Amino acid sequence: MTHVLLRHRDIPDINKLDVYKKNGGIDAFKKAVTKMKPTEVIDVVKNSNLRGRGGAGFPTGMKWSFIDNKNWPHYVVANADESEPGTFKDRELMESNPFQFLEGLAIASYAVGATAAYIYLRGEFWQVAAFLDEKIAEMEKAGYLGDNLFGTEYSLKIFTHLGAGAYICGEETALLESLEGKRGQPRVRPPFPPSFGLYGKPTIINNVETFANVPPIITNGADWYKSMGTADSAGVKLFSLSGRVRKPGNYELPFGTTFRQLIYEYGGGVQEGRPVKAIMPAGASSSLIVVDDKVLDTPMDYATVRTLGADLGSASVIVIDDTVSVDWIINKTIHFFKHESCGKCTPCREGNYWMQHLTERIHSGDGSKADVDLLLNVAKQMQGKCLCALGEFATMAVVTGIERFPQDFKKAVKATEHA
Amino acid sequence: MSLEKTYPKEVKLILSKYPAEQKRSAVMPLLYLAQREEGYINKAAMQDIAKMLEITETEVASIVGFYTLYHDEKAGKYRMQVCTDLPCALRGADEFLNNLCGNLGIKVGETTADGLVTLEGVMCLAACDKAPMFQTQGPDGIKYHENMTVDRTMELIEALKEVN
Chain A
1 MTHVLLRHRD
11 IPDINKLDVY
21 KKNGGIDAFK
31 KAVTKMKPTE
41 VIDVVKNSNL
51 RGRGGAGFPT
61 GMKWSFIDNK
71 NWPHYVVANA
81 DESEPGTFKD
91 RELMESNPFQ
101 FLEGLAIASY
111 AVGATAAYIY
121 LRGEFWQVAA
131 FLDEKIAEME
141 KAGYLGDNLF
151 GTEYSLKIFT
161 HLGAGAYICG
171 EETALLESLE
181 GKRGQPRVRP
191 PFPPSFGLYG
201 KPTIINNVET
211 FANVPPIITN
221 GADWYKSMGT
231 ADSAGVKLFS
241 LSGRVRKPGN
251 YELPFGTTFR
261 QLIYEYGGGV
271 QEGRPVKAIM
281 PAGASSSLIV
291 VDDKVLDTPM
301 DYATVRTLGA
311 DLGSASVIVI
321 DDTVSVDWII
331 NKTIHFFKHE
341 SCGKCTPCRE
351 GNYWMQHLTE
361 RIHSGDGSKA
371 DVDLLLNVAK
381 QMQGKCLCAL
391 GEFATMAVVT
401 GIERFPQDFK
411 KAVKATEHA
Chain B
420 MSLEKTYPKE
430 VKLILSKYPA
440 EQKRSAVMPL
450 LYLAQREEGY
460 INKAAMQDIA
470 KMLEITETEV
480 ASIVGFYTLY
490 HDEKAGKYRM
500 QVCTDLPCAL
510 RGADEFLNNL
520 CGNLGIKVGE
530 TTADGLVTLE
540 GVMCLAACDK
550 APMFQTQGPD
560 GIKYHENMTV
570 DRTMELIEAL
580 KEVN
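Protein chains in written order, with our numbering: chain A, 1 to 419; chain B, 420 to 583.
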C-alpha cells in the first residue's frame, strides 16, 4: 500500500524540499492560493468528511467554516503538543514528512484568511522544533512562505513555539493561554476559538495529522479521500500501537481496519504469544475494553469503537496481555493525571489527588473493598463536572477498569480482607 | 543579568515571532534562554524577563512553577528524565529505572557525586514504541535516547563525562 501520510516510508528523502516538490509537493497550496477561493477550499475539506485527528474527531471543514469573519486578524494554530501516553504519531510526521504537514497548515491558513500561523510543540520536541524551523526557512527561501505568495496578495508566516512539559496544553484553550505567555489552564467555553481564540481573535486549531491530510485532499479531491475508510470515518488514520505487542510503532491504515489486523498482521502479535486481555484504544484517557474474538474483529472507526464502550480518540492503541493486572494499570494512569491536572477546577484537582491515594493503596496491597468502592465513587462524582476533558479522561480507565475487571480488584484487596 | 545583553540575537528573534503588543507570548522561549547556562532560572533572570515583557515577576514565576521543563533549583548538569508511564512501563521502564538507580548508586531525584547527572522519573515523552527511553535536558537542549539498556545508558554517561 502506498502511504498517504507516512510518505517517507515510500519515498526516501521526502523531508528535503526538492524531493517533496518533485513528488507533487506544494502543488496543492499553489492550486488553493492561485485557483480557489478560501470558501472553495473549505468546501472541499468539508466534502472530504475529514475529521480532526487529535482525538475528538470533529469535522475539520465544519470547524473552519465557523471562523468569525467579522473580527480580524485570524490565526491558525497547529496542535503539536502530542502528550497522551500511547500517542507518538505527530512526531514521526513532523520529523520525516515535515513539508506535507507545513503545506496543510499553509492551506488551512489561506482557507480562513490567516496571515500568521503558530505550531505549538511540546517542550520535549526541542529537536523537532529546530528541524521545523529549518524547513520553514527553506520554504521561505523558495517563495512558498512569506509575502505575496505565487504572485498573489496572500502572505503567510509560520512560527514554532515550544511548550515546557504540560499535558494540559494539548487542550486547545489551555494551549492558547500558554501561547499567550500564561499558565496553560483551560478557558471556560463558549466562546470557542473560531470566534475567540489566540489574543481573543478568531482561531482555528487542528492536530498535526489533520493538517497533513489536507494537501492530498486538495490535490486528489474529496471523493478520492472518501473512497478510503468507512462511511462514518473517511480516509486513513495513523494508529500508534504500543504495549505488549511484538512490533510496536505507527501504522497508517484506513479506518475500518480491525483490532485483530492491527495487532496481529501489523503488530506481529502479542509478546510470548500470550492472549490480549484488554485494549485501550485512545491511550491513557481510554476506557478499557475487555477483549474477546468479537472485539478483535471490530472495525476501528469512531462510531464502531463506541459500540464497545470506548472512544477511538487519537487511535493510540495500548495492548495489554494477561500478565497485567488492571489495578496496576489504573495506578499508572492516575499517577499521570494527578501530575498533569492543571489545578484550575476543583473536581479534577481534588478528585485526582484522592484517586491517586486510593489506587496506590489498592495496588500496594493495603486496600480494602471499601477503598475500591470509594475510588469508583470519586471517579463517578468527577464525571460531567470538570472544566475540560482532562478530568473526564482521568476517570475513564478507573471506572471501566473496576466495572469490567472486578476479578483483578478482588484479588488486589484479598490480602487485607483476610487479615 | 540581562538576557538582551547576553543573547541579543536570540532575544530579537524570539520577540519577532509575536505581535508587538503581545510580547508576553515570549515568556516561555525567554525562560529557556535564561535556563541555558546554569540549568535553572534564578530570581534575577525572572526580574529581567518581567521587565522586558512588562509583566510582574510573580507572573513570570507562575510560569516557571507551572511547567515541568523549567527549574528554579540547581541540579546535575544533565537531567536524565526516564519515562515510566503506562506504555513504557509495559515494556520494562520501571525495571530499567530501578536498575539504573542501582548502577549509579543514586535514587530517583538524586544527583551523581560528580554533579553530572540528576535522575528523574517523568511523564509520557511520546516515544512509547521505543521504550525504555529517556531524554537528557542539558546545556545543549533536550535530546531523546530510545530503545535503551542500562549498559548503553552507562556508556552514554561515560561519554558525557569525557566531554565535560
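C-beta atoms are modelled at their ideal positions from N, C-alpha and C, and glycine is treated no differently.
It should be emphasised that the depicted structure is a prediction, and the values quoted were computed from it without experimental measurement.
{"Asked": "Opposite Y120/A in the DSSP bridges: which residues?", "Found": "N79/A, H161/A"}
{"Asked": "Looking at C-beta atoms only, is the number of pairs between the segment 91-110 of chain A and the segment 179-188 of chain A that lie closer than 8 Å three or more?", "Found": "no"}
{"Asked": "Short of 7 Å Cβ to Cβ, which residues in the segment 326-356 of chain A face chain B?", "Found": "I329, K332, T333, F336, H339, E340"}
{"Asked": "Name, going along the chain, the residues of the segment 515-537 of chain B whose beta-carbon falls closer than 9 Å to a beta-carbon of chain A.", "Found": "none"}
{"Asked": "Starting from I584/B, trace the beta strand (DSSP E) in both directions and tell me its first and last residue.", "Found": "In this structure chain B extends from 420 to 583, so residue 584/B is not present and cannot be described."}
{"Asked": "Quick check: the Cα distance between V290/A and L5/A, rounded to an integer number of angstroms?", "Found": "31 Å"}
{"Asked": "Quick one: residues in its chain with C-beta nearer than 6 Å to the C-beta of K414/A, no 5 flanking neighbours on either side, listed in chain order?", "Found": "none"}
{"Asked": "Looking at the unbroken alpha helix (DSSP H) that takes in T203/A, where does it start and where does it end?", "Found": "T203/A -> not in any alpha helix (DSSP H); beta strand (DSSP E) instead, spanning 203-207."}
{"Asked": "Going by DSSP, what residues sit across from A234/A in a beta bridge?", "Found": "G229/A"}
{"Asked": "Quick one: using the 10 Å Cβ neighbour count with 16 as the cut-off for buried, is Q381/A buried or exposed?", "Found": "exposed"}
{"Asked": "Listed from N- to C-terminal order along the chain, which residues in the segment 169-202 of chain A have their beta-carbon within a distance smaller than 8 Å of any beta-carbon of chain B?", "Found": "S178, L179, E180, G181, K182, R183, G184, Y199"}
{"Asked": "My guess is that I204/A and S48/A are in contact by the Cβ rule of under 8 Å, so how many angstroms apart are they, rounded?", "Found": "Not really, about 16 Å apart at Cβ, beyond 8 Å."}
{"Asked": "In whole angstroms, give me the CA-to-CA distance for Y264/A and L308/A.", "Found": "20 Å"}
{"Asked": "Give me the Cα-Cα distance between T537/B and G521/B, rounded to the nearest whole angstrom.", "Found": "14 Å"}
{"Asked": "Contact between the segment 316-324 of chain A and the segment 241-248 of chain A: three or more CB pairs below 8 Å?", "Found": "yes"}
{"Asked": "Should the segment 522-536 of chain B be called in touch with the segment 486-498 of chain B, which here means at least 3 C-beta pairs below 8 Å?", "Found": "yes"}
{"Asked": "Cβ closer than 9 Å: which chain B residues qualify as neighbours of I318/A?", "Found": "L505, P506, L509, C547"}
{"Asked": "Check P448/B in the structure and name its three-state DSSP category.", "Found": "helix"}
{"Asked": "For A419/A and A412/A, what's the separation of their Cα atoms in angstroms?", "Found": "Reliability fails at A419/A, whose pLDDT of 47 lies under 50, so the model's placement of it is uncertain and the value that follows must be treated cautiously. Those two C-alpha atoms are separated by around 13 Å."}
{"Asked": "Rounded to a whole number of angstroms, what is the C-alpha to C-alpha distance between V326/A and E392/A?", "Found": "19 Å"}
{"Asked": "Would you mind sorting A578/B into buried or exposed? The rule is 16 or more other CB atoms within 10 Å of its CB.", "Found": "exposed"}
{"Asked": "Assuming contact is defined by CB atoms lying nearer than 8 Å, are A370/A and M355/A in contact in what I supplied?", "Found": "no"}
{"Asked": "Can you give me the C-alpha to C-alpha distance between D232/A and Y302/A, rounded to a whole angstrom?", "Found": "7 Å"}
{"Asked": "Can you check DSSP and say which residues form a bridge with N377/A?", "Found": "DSSP output for N377/A lists no bridge partner at all."}
{"Asked": "Taking only three categories from DSSP, how would you classify F337/A?", "Found": "helix"}
{"Asked": "At which residues does the alpha helix (DSSP H) containing G351/A begin and terminate?", "Found": "346-364"}
{"Asked": "Is it the case that the Cβ atoms of M139/A and L145/A are separated by a distance below 8 Å?", "Found": "yes"}
{"Asked": "Are L17/A and A80/A close, meaning C-beta to C-beta below 8 Å?", "Found": "no"}
{"Asked": "What residue does the beta strand (DSSP E) around E252/A start on, and which one ends it?", "Found": "249-254"}
{"Asked": "Classify E456/B as buried or exposed, calling it buried when 16 or more other Cβ atoms lie within 10 Å of its own Cβ.", "Found": "exposed"}
{"Asked": "Nearest to F125/A by alpha carbon, out of F99/A, L93/A, W72/A?", "Found": "L93/A"}
{"Asked": "Just to confirm before moving on: does the CB-CB distance between K30/A and F211/A stay below 8 Å?", "Found": "no"}
{"Asked": "Using a beta-carbon distance below 8 Å, is G86/A in contact with chain B?", "Found": "yes"}
{"Asked": "Using DSSP bridges, identify the partner residues of S242/A.", "Found": "I318/A"}
{"Asked": "Output the boundary residues of the beta strand (DSSP E) element that contains Y497/B.", "Found": "497-502"}
{"Asked": "In its own chain, which residues sit with a C-beta less than 6 Å from the C-beta of C169/A, not counting the 5 before and 5 after it?", "Found": "D81, G163, L175, S178, G184"}
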